[in-house]
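Quick notes on the structure that follows.
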Amino acid sequence: MSASPAALDDLLQRADLWRGAQCAHHAEATLGSGFAALDAVLPDGGWPCGGLTEVLSGGLGIGELSLFLPALRQLDAEAGWIVIVAPPAQLHAPAWQALGLPLSRLLVVEADGADAAWACEQLLGSGALAALLVWLPTADARALRRLQLASSSTRCLSLVFRPERVASQPSPAPLRLALRGNDTGVQVDILKRRGPPLAKPISLAIERPLPWSRLVRRVRPAAPVAREPHVA
Amino acid sequence: MQWLAIHFFRLPVEVLALPAPAVAIAQQRIVAADATAAASGIRPGQRLADALALLPGLRPHERQSERELAALESLACWAGNFTPTVSLAPPDTLLLEIGGCLQLFGGLAPLLAKIRYGAGSQGLSLRFGLAPTPLAARWLTHADSTTEHWQAALATLPVQVLGLNDAAERRLHALGLRTLAQLFALPGATVGHRFGKALPLQLARARGELPDPQPPFAFPERFVQRLELPAKVEVADHLLFAARRLLMALAGWLQARMLGITTCTLVLDHEDIPATQLPLGFASLTRDSERLIRVAREQLERHRLAAPVTELHLHADAPRAMAGSSVALFGQQDAGNIAPVIERLRARLGDAAVHGLAVHDDHRPECATRAVPWPDPKAPADATGSPRPLWLQAKPQALHEVAGRPTYAGAALNLLTRAERLESGWWDQDEATGDLRRDYFVATTAQGAWLWIYRDAHGWWLHGQFA
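So the sequences go chain by chain: W and B.
Okay, so the first sequence: first residue is 1 according to our numbering, each after it adds one.
Okay, so the second sequence: first residue is 233 according to our numbering, each after it adds one.
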């Protein structure tokens, strides 16, 4: 009888055993998110490298990329390529460069629908990626499951951006976040993680083009632009 | 010196790529039979009538010696994958000096497996012979022998490997000489007296007692190869098998000449209409046959033939010098091996769909980003003063103005900055962007989205998002 508590302790130390009240700990690599409050609630204390992270956001411009900027900046040249698949708008290169993302290791793949998912699978299979950012608004569970499988065998930060409305649909991604903008930053709600549900969303003061204090002050619009033609 | 002879013993029939069972014939006698025909007991030298009696469904085809020679030269190019020292031994044997490259391939067995696999994927059967002299290697292909004890193996070979004329063979038989060992035991002068002076010289060359220099195969200056198809092909998919032979030869040629290519052209000849050019593009300089074949497969799978194809040509366009690669130490992974995937994506999605970004020095936001086929590895990292959004709308989106303020999705926007005037561009007025005069603002919505909007003479426009 005396052996059984010891055996139980041994069992609880196992990496593949996850108790509902705790976060699962995997030996997988993670990438610090750059926000202490966020690292504290993410399993393994950072963004998972390998396995999908699904990001549901209400629209463009709420800071859906800025949230990941600290992590993306950490990726060094040896880590591999950063690939953006099916971006929702054109990428403005000066801004990406100014925010510290290396254009020398950035590739853009323009594809839509099934082609985008196929391209991601191929890219993940190459093992040459450090980060994959893909917009798949209409992907079905099957496509996501294939991506999750392809991603789980890599060490690539795989972010799938999807609209807010798919929050109720089941997803094979082990980590799902819902983002909302507010007056002081971005509100991150973890819909799904390998751990107990989060009590309430956390609010993060992410990097914005202007200090947050500017939000308080309003600026009056200037007079319309003059109509007279330019004389060269 | 270690000579590997590769005997393509079914080359006359396999070069024709006919559906099985098939035989190549000359003067109503069988020259070579494919595997199916050989399994039914059809042997070279048989009369065609006998062969047809054995296997009524047999497809005989007249032997085409010039095609065999062209195929052998193409195979010599392919052998450039393994060693730079290749010699032709027509009609159907290649001699490869492999003593210098065994280390590279990790020993004899992996090298032979690689050659066997490569030939198999081109639909060719082969036999090996391995010996320190080229002639012994050629004779040993008869027994498919790659043993270390080549002299012992050589001694057991039948005298038929010498390829003497019928009268001489009959005389050997009459003397009871069946194997080379028996012939080696006789004094050279006697053998020369009875069977001609050439035979003792040959025996001496095979045993390494006399030098036997081989003329090296000269890899051609330019790679232009053609392959006649056995029958008209109507589905592009089916061309891959034939294209594979050409592409593997190209890879070997590039390897032997230390070159790499970024494009090559597959030309499909039709009977009546002009030929179709199928360019194959690669993301980086390459000579890897797997990559060549993968891109060709993607292209051919998506290509719709205008007319049946009778012949294939392959040109290497502008090959450039490419250094060899070192074998990774301690099993390191090369993180830069994204190029093959990019090629596959480009082949399916189009060349423009996969690109890198470069900053262009222009104050107009539309013109500041350039798509480049491959990112510049030395892209400068500098920061601009004014805030710029990560996303830019391809077409600015009109915003309604209510009470002098722009609105987005029905709610007024909160402007955070003073106007930033971006003006002019008269120098390319006729082009898409042209002259502009805009006041840019950073604005936020009630939902917390940060937008980049501008106002011009026509009103308010949404131009980007600070994601």
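Quick reminder that beta carbons are idealized off the backbone N, C-alpha and C, glycines included.
Since the structure is predicted, the reported quantities are computational estimates derived from the model, not experimental observations.
Practice problem: Establish whether the CB of V108/W and some CB of chain B are separated by less than 8 Å. | Solution: Residue mapping note: residue 108/W aligns to position 108 of the first sequence, counting from 1. It does; some Cβ of chain B falls within 8 Å.
Self-check item: Option nearest P73/W by Cα separation, candidates R180/W, G181/W, A130/W and K200/W
Solution: As a position in the first sequence, residue 73/W is number 73, starting the count at 1. The amino acid occupying residue 73/W in the given sequence is Arg; Pro does not appear at that position. Out of R180/W, G181/W, A130/W and K200/W, A130/W has the C-alpha closest to the C-alpha of R73/W.
Self-check item: chain W contact for P628/B (CB, 8 Å cutoff)
Solution: Start at 1 with the first residue of the second sequence, and residue 628/B comes out as number 396. With 8 Å as the cut-off, P628/B does not count as an interface residue toward chain W.
Quiz item: L123/W touches chain A at which residues, Cβ-Cβ below 8 Å?
Solution: In the displayed structure, chain A is absent; the protein chains listed are W and B.
Quiz item: Skipping 5 residues on each side, what residues in its chain have a beta carbon closer than 8 Å to that of S151/W?
Solution: Here residue 151/W refers to the residue found at position 151 when the first sequence is read from its first residue. Closer than 8 Å at the Cβ level, and outside the excluded window around S151/W, lie G50, G51, L52, L124, L132 and S158.
Quiz item: Which residues in the same chain as F161/W place their Cβ atom closer than 6 Å to its Cβ, once the five residues preceding and following it in sequence are excluded?
Solution: Taking the first sequence and counting its residues from 1, one reaches residue 161/W at position 161. Hits under 6 Å: V55 and W135.
Self-check item: Coil, strand or helix - D594/B by DSSP
Solution: On the second sequence, residue 594/B is found 362 positions in, with the first residue counted as 1. The answer is coil: DSSP assigns D594/B none of H, G, I, E or B.
Exercise. Name, going along the chain, the residues of the region 89–108 of chain W whose beta-carbon falls closer than 8 Å to a beta-carbon of chain B.
Key: A89, Q90, L91, H92, A93, P94, A95, W96, Q97, A98, L99, G100, P102, L103, S104, R105, L106, L107 and V108
Quiz item: Could you check where the beta strand (DSSP E) with E329/B kicks off and where it finishes?
Solution: Residue 329/B sits at position 97 when you count from the first residue of the second sequence. Unbroken beta strand (DSSP E) run through E329/B: T325 to E329.
Quiz item: Taking Cβ to Cβ, would you say L668/B is nearer than 8 Å to L683/B?
Solution: Taking the first residue of the second sequence as position 1, residue 668/B is located at position 436. Taking the first residue of the second sequence as position 1, residue 683/B is located at position 451. Cβ atoms of L668/B and L683/B: not closer than 8 Å.
Quiz item: Taking one C-beta from the region 573–586 of chain B and one from the region 510–528 of chain B each time, how about it: are there three or more such pairs within less than 8 Å?
Solution: yes
Quiz item: the region 499–531 of chain B: which residues have C-beta closer than 9 Å to a C-beta of chain W, in chain order?
Solution: none
Exercise. Rounded to whole angstroms, what's the CA-CA distance from A205/W to V186/W? Just pull it up for me.
Key: The residue you call residue 205/W lines up with position 205 of the first sequence. The residue you call residue 186/W lines up with position 186 of the first sequence. Roughly 7 Å separates the two Cα atoms.
Practice problem: Let me know the secondary structure DSSP gives P12/W once reduced to three states. | Solution: If you number the first sequence from 1, residue 12/W lands on position 12. As written in the sequence, residue 12/W is Leu, which differs from the Pro given in the question. In this structure, L12/W counts as helix in the three-state DSSP scheme.
Quiz item: Does any residue of chain W bring its CB to less than 8 Å from the CB of T494/B?
Solution: Walking along the second sequence from the start, residue 494/B turns up at place 262. It does not: the Cβ of T494/B has no partner Cβ on chain W nearer than 8 Å.
Quiz item: Just the Cα atoms here: how many angstroms apart are R670/B and L103/W?
Solution: Start at 1 with the first residue of the second sequence, and residue 670/B comes out as number 438. Start at 1 with the first residue of the first sequence, and residue 103/W comes out as number 103. Those two C-alpha atoms are separated by around 28 Å.
Quiz prompt | Extent of the continuous beta strand (DSSP E) to which H547/B belongs | solution = Position 315 of the second sequence, counted from the start, is the residue given in the question as residue 547/B. V541 to D549 is the extent of the beta strand (DSSP E) around H547/B.
Exercise. Could you tell me the distance, in whole angstroms, from the CA atom of I706/B to the CA atom of V456/B?
Key: This structure gives no information on residue 706/B, because the portion of chain B shown stretches from 233 to 699.
Quiz prompt | Own chain partners of Q565/B with C-beta closer than 8 Å, once the 5 adjacent residues on each side are dropped | solution = For the purposes of this step, residue 565/B is taken as the residue at position 333 of the second sequence. Legend: pLDDT at Q565/B = 43, less than 50; position of this residue unreliable, no value from coordinates given.
Quiz item: Alpha carbon to alpha carbon, how far is A128/W from A555/B?
Solution: Residue numbering aside, residue 128/W sits at position 128 when the first sequence is read from its first letter. Residue numbering aside, residue 555/B sits at position 323 when the second sequence is read from its first letter. Going by the C-alpha atoms only, they are around 22 Å apart.
Quiz item: R534/B touches chain W at which residues, Cβ-Cβ below 7 Å?
Solution: To locate residue 534/B, count along the second sequence from 1; it is residue 302. Under the 7 Å cutoff, chain W gives no residues; its nearest Cβ is about 12 Å from R534/B.
Self-check item: Residues of the region 56–68 of chain W whose Cβ lies closer than 8 Å to any Cβ of chain B, in chain order
Solution: G58, G59, L60, G61, I62, G63, E64, L65 and S66
Quiz prompt | E294/B: first and last residue of the uninterrupted beta strand (DSSP E) it sits in | solution = Your numbering for residue 294/B matches position 62 in the second sequence. E294/B -> beta strand (DSSP E) spans R291 to E294.
Exercise. Would you please verify whether the beta carbon of A139/W is less than 8 Å from any beta carbon of chain B?
Key: Within the first sequence, numbered from 1, the residue matching residue 139/W stands at position 139. Taking Cβ atoms only, chain B never reaches closer than 8 Å to A139/W, which makes this a no.
Quiz prompt | Spatial distance of L561/B from G100/W (CA atoms) | solution = Within the second sequence, numbered from 1, the residue matching residue 561/B stands at position 329. Within the first sequence, numbered from 1, the residue matching residue 100/W stands at position 100. Annotation note: pLDDT 46 at L561/B (below 50); position unreliable, no value reported.
Quiz prompt | Cβ-Cβ separation, L510/B to Q531/B (assumed contact under 8 Å), whole Å | solution = As a position in the second sequence, residue 531/B is number 299, starting the count at 1. As a position in the second sequence, residue 510/B is number 278, starting the count at 1. Right, their Cβ atoms sit about 6 Å apart.
Practice problem: Please determine, among P419/B, A421/B and G428/B, the residue with the shortest C-alpha to C-alpha distance to L394/B. | Solution: What you label residue 394/B is simply residue 162 of the second sequence in a count that begins at 1. When only C-alpha atoms are compared, the closest one is G428/B.
Quiz prompt | Start-end ranges of the beta strand (DSSP E) lying completely within the region 255–315 of chain B, minimum 3 residues | solution = 261–265 and 291–294
Practice problem: Taking only beta-carbon positions, decide if R193/W is within less than 8 Å of chain B. | Solution: Here the question's residue 193/W lines up with position 193 in the first sequence. So, not an interface residue.
Exercise. Identify every residue that forms a DSSP beta bridge with G181/W.
Key: In the first sequence, the residue the question calls residue 181/W occupies position 181. G181/W pairs with V186/W.
Exercise. Could you say which of R687/B, H547/B, A689/B and G696/B lies nearest to P619/B if we only look at CA atoms?
Key: Mapped onto the second sequence, residue 619/B falls at position 387. Taking only the C-alpha atoms, the option nearest P619/B is G696/B.
Quiz prompt | H547/B classed as buried or exposed, judged by whether at least 16 other C-beta atoms fall within 10 angstroms | solution = Within the second sequence, the letter at position 315 stands for residue 547/B. When all chains shown are included, H547/B counts as buried.
Quiz item: Under three-state DSSP, which class holds G361/B?
Solution: Position 129 of the second sequence, counted from the first residue, corresponds to residue 361/B. Strand, per DSSP.
Self-check item: Span separating the alpha-carbon of L389/B from that of A264/B
Solution: Counting from one through the second sequence, the residue named residue 389/B turns up at place 157. Counting from one through the second sequence, the residue named residue 264/B turns up at place 32. Looking at the two C-alpha atoms, the distance is approximately 21 Å.
Quiz item: Taking the alpha-carbon positions, what's the P445/B to L589/B distance?
Solution: As a working note, residue 445/B is residue 213 in the second sequence. As a working note, residue 589/B is residue 357 in the second sequence. In a straight line, the C-alpha of P445/B is about 56 Å away from that of L589/B.
Exercise. Could you check if M480/B is buried or exposed, using at least 16 other CB atoms within 10 Å of its CB as the buried criterion?
Key: Residue 480/B sits at position 248 when you count from the first residue of the second sequence. Answer is buried; the Cβ neighbour count reaches 16.
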